[in-house]
Amino acid sequence: MKKTVSKICSRGISMLPLISPDALVQIDFSVRKYYIGDIVVFYHNQQFLIHRIIAKSAHNTFLIKGDNNCTTDGFFQSKNILGKVVSVNNSGHFVNISGSPHKEFKYLFILFSWIKLLTTKLFS
């Protein structure tokens with residue numbers, strides 16, 4: 002399968018600290034298999050979002066949430082996910098997130114994402 006990769010400029014703070022506003026984000030639109038920890042692009046509430054998969058259901062749907070958000074976006078089927086983020090360039094700091102050295106970091110982001118979600122639920 003031919004790789005279809007595009008670069009876009011991010012907006013918003015939902016993926017801080019990994020993806021800052023105005024970061025250059027490289028997306029592979031040819032990816033069709035997604036895993037917990039992947040940062041994906043999807044269409045939700047009339048906008049394109051870049052958020053992380055934090056869980057997978059028994060029905061093969063993915064729970065998606067911005068790392069810096071207090072709530073999830075909900076569950077989405079893989080057919081509703083448009084692509085996977087493979088690298089981020091924050092003001093000259095390049096991060097290849099598809100490489101194996103960064104796999105451990107994605108689990109930390111998932112852990113912190115769940116902690117933020119749970120503490121928000123507990124203390125609201």
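Going by the numbering used here, the letters in the sequence shown line up with residues 2 to 125, in that order.
For every residue, glycine included, the Cβ atom is placed at its ideal position computed from N, Cα and C.
- Message: Taking its Cβ as the centre, do 16 or more other Cβ atoms sit within 10 Å of Asp-23, making it buried, or is it exposed?
- Response: exposed
- Do you know whose CA, among Arg-12, Thr-73, Phe-95 and Lys-57, lies nearest Lys-34's CA? Lys-57
- Message: Measuring straight from C-alpha to C-alpha, what distance separates Asp-29 and Asp-74?
- Response: 21 Å
- Beta-carbon proximity list for Gln-78, same chain, < 6 Å, skipping 5 on both sides: Thr-62
- What did DSSP end up calling Phe-95 once you bin it into helix, strand or coil? strand
- Message: Could you compute how far the alpha carbon of Phe-124 sits from the alpha carbon of Thr-72?
- Response: 13 Å
- Query: Looking only at C-alpha atoms, which of Leu-64, Thr-120 and Val-26 sits nearest to Val-96?
  - Reply: Val-26
- Message: Using only the alpha-carbon positions, how far apart do Val-41 and Lys-107 sit?
- Response: 13 Å
- Item | Separation of His-60 from Asn-1, as counted between CA atoms | Given that the chain is displayed from residue 2 to residue 125, the structure contains no residue 1 and the question cannot be resolved.
- Among Lys-66, Lys-85 and Lys-80, the one whose alpha carbon lies nearest that of Ile-14: Lys-66
- How many whole angstroms separate the CB atoms of Asp-68 and Leu-17, which I take to be in contact at a CB cut-off of 8 Å? 7 Å
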